[in-house]
Structures are given as C-alpha cells and as structure tokens.
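Position 145 of the sequence shown, counted from 1, bears residue number 147 in the numbering used here, the numbering being contiguous throughout. Backbone N, C-alpha and C define an ideal beta-carbon position, used for all residues, glycine too.
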Amino acid sequence: SLSGALDPLATIDDYHANVRVDSTPPEISFLTPSRAAMLEEGTEEDGMVTITGMVMDALSALTSVRVDDRPVPVDSFVLAQPFSTARLSRWGLSVVTASAEDACGNRTTAAFSFLRSPSYGEASTELSSEATVSSGIYARLNQMFIDDGYRLDLDDMASLVSGALSSIELDESIPAVLANSPDGAATGSLPIANYTCSGEAISQQVSGFVVNKTGVFTHVTPQIEHLTAVDGALAFGFRMENFTLPLQIDAALDLGCSGSIAETISGEVRLGSVAIEGQAS
3 SLSGALDPLA TIDDYHANVR VDSTPPEISF LTPSRAAMLE EGTEEDGMVT ITGMVMDALS
63 ALTSVRVDDR PVPVDSFVLA QPFSTARLSR WGLSVVTASA EDACGNRTTA AFSFLRSPSY
123 GEASTELSSE ATVSSGIYAR LNQMFIDDGY RLDLDDMASL VSGALSSIEL DESIPAVLAN
183 SPDGAATGSL PIANYTCSGE AISQQVSGFV VNKTGVFTHV TPQIEHLTAV DGALAFGFRM
243 ENFTLPLQID AALDLGCSGS IAETISGEVR LGSVAIEGQA S
C-alpha cells in the first residue's frame, strides 16, 4: 500500500476500448431477375435489364458494394444495403457478378445468370435435319481461363461455378419428415391405436418410428477446389464441410392391452466434410 503525499500528476485515467472480432463476410442476395430466369422481353438486340438485390452483414458496417464491377452507393454505418442497377443484357445468357466488403475487411463475391429473349421455342424431342448452324467458333482455353486458383475475382470458370454454388441452400431440399414407419407416420407423428381393455378405453401410439427435422440444415459454402484440363476431359475437386442437421426421433412399441413403450431422442447429426474428385468429359 502507498502512504504519504502523492503527486497529483502521477495518475492515469481509465481507458476503455471495444474490440469487435468479425471474420464473417457479407451475404449477397439477388432478387430480380430470379436465378436462372427466362425473361421474355426485348428483341435480339442488346437491351437494358434492372438488377435488384440486397447485401447484409451480421456484425460490421458495409463499406463497399459493386455490381458488375461498378460501385453501388453505400449508406454510412449500415448492416444492410439494397441495390438496384441497370445493365446491358445481350440476347441469350447473361451473367451478373457482385462483390461486397465490410468494415473489418471481410469480402465476398456472388454471381447468377438469366436468359433473355423475345420468345422461346419449344424443346424438340426428336432429331431434326433443320437443327444445324451455318458457322461456329473453335476456341482453345488455357488453364488460367479454366481455373487461376484465385476465388475472389470471378474471371475464370472455376470461380464462376464457385460463385453460383455459394447461393445453394440445401435446407430447402430436405423434407421435414426424414424417415418413418409405418406409412401413416408420414405426417410427422405416429398414428394412434384404440383398445378396450377390461372394459376401459385405451389410446396409445402404434409401433413404429418417425424422424423429424427440427431446425435448419447448415453447412459451409460448397467450394470448387480445382478445375484442371487433362487429356479429353476436365478434372475437378469439390468439397463441402461442417454439415449439421438437427433432428428428433420418436419411437414406440405397442403392446396392446399390456401398454406401450415410447421414447424420444433429440440431437444433431454432424458430418465434417465431403470431398469429391472426378473427371468430366
């Protein structure tokens, strides 16, 4: 302890600081046109199409948003920024790219495509002698065009595919009821059996089980690890990580007038990663 006279200048003011740790990049959602839309408008000449969407960040303010490499005005200290920009659309396929960055330097990119034509013909299911073209293009693609190994710039095939995969939501494709027996449990719960035992009416679940999804199926964004030109084909590597599926299992054993045994188990199914290596020709 200290005693006696103290120098009034030998004091230190309290110092407080807020430190934010953020390694999560913003999320980009395209609203219109919808992904893979077939717009029936305009002519076969180039025409203007309005692209709308939303950029959101969970923690840090947005500092930069670009659509087709053109800057979008960003409000100060906002976590969500809508955008609407017109772009020149050629006849046929158009690919739109966007990027965003937050105050912590986290950056993300996204891409989607749509078709535009004044009309669309019906798909043919038979060979036609008229289905020919008078001329075509023969191109040689080098490895840098196929995959330059850098995913932040969408300037090669692998990065474009990775950008498209970033919008995939597998949760929407997983049914609410994952498995069930008997068929009557497809609604998410086991059917009820009614008995009269010693003059008393008894109702209980029939024998069977039902597995219900109880939350959102989450995973890390799928990634194209490499896309390499080989003899007569393209070799590729694909990876998805950190699968988590919340679920609940309800099971019952119907013993008739002897009663029933029922059990409920809740939890999560986790999978570290799935990696696929292959070739496409």
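Expected contact under 8 Å - CB spacing of A160 and L229 to nearest Å
Taking the sequence shown and counting its residues from 1, one reaches residue 160 at position 158. Taking the sequence shown and counting its residues from 1, one reaches residue 229 at position 227. Between A160 and L229 the beta-carbon gap is near 4 Å, inside 8 Å, which marks them as a contact.
How close, in whole Å, do the beta carbons of S168 and T223 come, if the pair is a contact with beta carbons under 8 Å?
Along the sequence shown, read from residue 1 onward, the residue named residue 168 stands at position 166. Along the sequence shown, read from residue 1 onward, the residue named residue 223 stands at position 221. With 8 Å as the limit, S168 and T223 qualify as a contact, their Cβ atoms being about 5 Å apart.
Is the segment 103 to 121 touching the segment 20 to 33 in the sense that three or more CB pairs, one from each, lie closer than 8 Å?
Taking 8 Å as the limit for Cβ pairs, the verdict is that the segment 103 to 121 does touch the segment 20 to 33.
DSSP state of C106 mapped onto helix, strand, coil
As a position in the sequence shown, residue 106 is number 104, starting the count at 1. Collapsing the DSSP output to three states places C106 in coil.
Would A235 and A282 be called neighbours here (beta carbons separated by less than 8 Å)?
The residue you call residue 235 lines up with position 233 of the sequence shown. The residue you call residue 282 lines up with position 280 of the sequence shown. For the pair A235 and A282, the CB atoms are nearer than the 8 Å cut-off.
By the three-class DSSP mapping on this structure, what secondary structure does T189 have?
Position 187 of the sequence shown, counted from the first residue, corresponds to residue 189. In the structure shown, T189 sits in a helix (DSSP, three-state: H, G or I).
Under 8 Å: do the segment 51 to 58 and the segment 70 to 90 share three or more Cβ pairs, one atom per stretch?
Output reads yes: the segment 70 to 90 touches the segment 51 to 58.
Three-state secondary structure assigned by DSSP to S91:
The residue labelled residue 91 in the question sits at position 89 within the sequence shown. S91: strand per DSSP, three-state reduction.
With I226 and F240 assumed to form a contact (beta carbons below 8 Å), what rounded beta-carbon distance in angstroms separates them?
The residue given as residue 226 occupies position 224 in the sequence shown. The residue given as residue 240 occupies position 238 in the sequence shown. Right, the Cβ-Cβ distance comes to about 6 Å (below 8 Å), so this counts as a contact.
Just to confirm before moving on: does the CB-CB distance between E103 and S66 stay below 8 Å?
Here residue 103 refers to the residue found at position 101 when the sequence shown is read from its first residue. Here residue 66 refers to the residue found at position 64 when the sequence shown is read from its first residue. In this structure, E103 places its C-beta atom within 8 Å of the C-beta atom of S66.
Can you look up F219 in the DSSP assignment and give me helix, strand or coil?
Position 217 of the sequence shown, counted from the first residue, corresponds to residue 219. Judged by DSSP in its simplified three-state form, F219 adopts coil rather than helix or strand.
Mind the definition here: the segment 259 to 270 touches the segment 198 to 208 only if three or more C-beta pairs lie below 8 Å; say whether that holds.
Flag = yes, the segment 259 to 270 and the segment 198 to 208 touch.
Taking just the CA atoms, how far does P184 sit from N196?
Translated into positions along the sequence shown, residue 196 becomes position 194. Translated into positions along the sequence shown, residue 184 becomes position 182. Between the C-alpha atoms of N196 and P184 there is a straight-line separation of about 16 Å.
Which of helix, strand or coil does DSSP assign to F147?
As a working note, residue 147 is residue 145 in the sequence shown. Helix, per DSSP.
Just list the residues that DSSP pairs P73 with in beta bridges.
Indexing the sequence shown from 1 puts residue 73 at position 71. Answer is R68.
DSSP has A203 in a bridge; who is on the other side?
Working through the sequence shown from its first residue, we reach residue 203 at position 201. DSSP lists T198 as partners of A203.
Return the chain-ordered ranges of every beta strand (DSSP E) run that is complete within the segment 13 to 52 and spans a minimum of 3 residues.
As far as the segment 13 to 52 is concerned, its whole beta strand (DSSP E) runs of at least 3 residues are 29 to 34 and 40 to 42.
Tell me the DSSP bridge mates of I176?
Stepping through the sequence shown from its first residue, residue 176 is reached at position 174. The partner list for I176 (beta bridge, DSSP) is empty, contrary to what the question assumes.
Can you have a look at D158 and say buried or exposed, based on whether 16 or more other CB atoms are within 10 angstroms of its CB?
Here residue 158 refers to the residue found at position 156 of the sequence shown. Result: buried.
Once DSSP output is grouped into helix, strand and coil, what is the label at G239?
The residue you call residue 239 lines up with position 237 of the sequence shown. Three-state DSSP puts G239 in a strand.
Could you say which of E43, A63, A231 and T266 lies nearest to L117 if we only look at CA atoms?
As a first step, residue 117 must be located in the sequence shown, where it is residue number 115. If we check each option's Cα against that of L117, E43 comes out closest.
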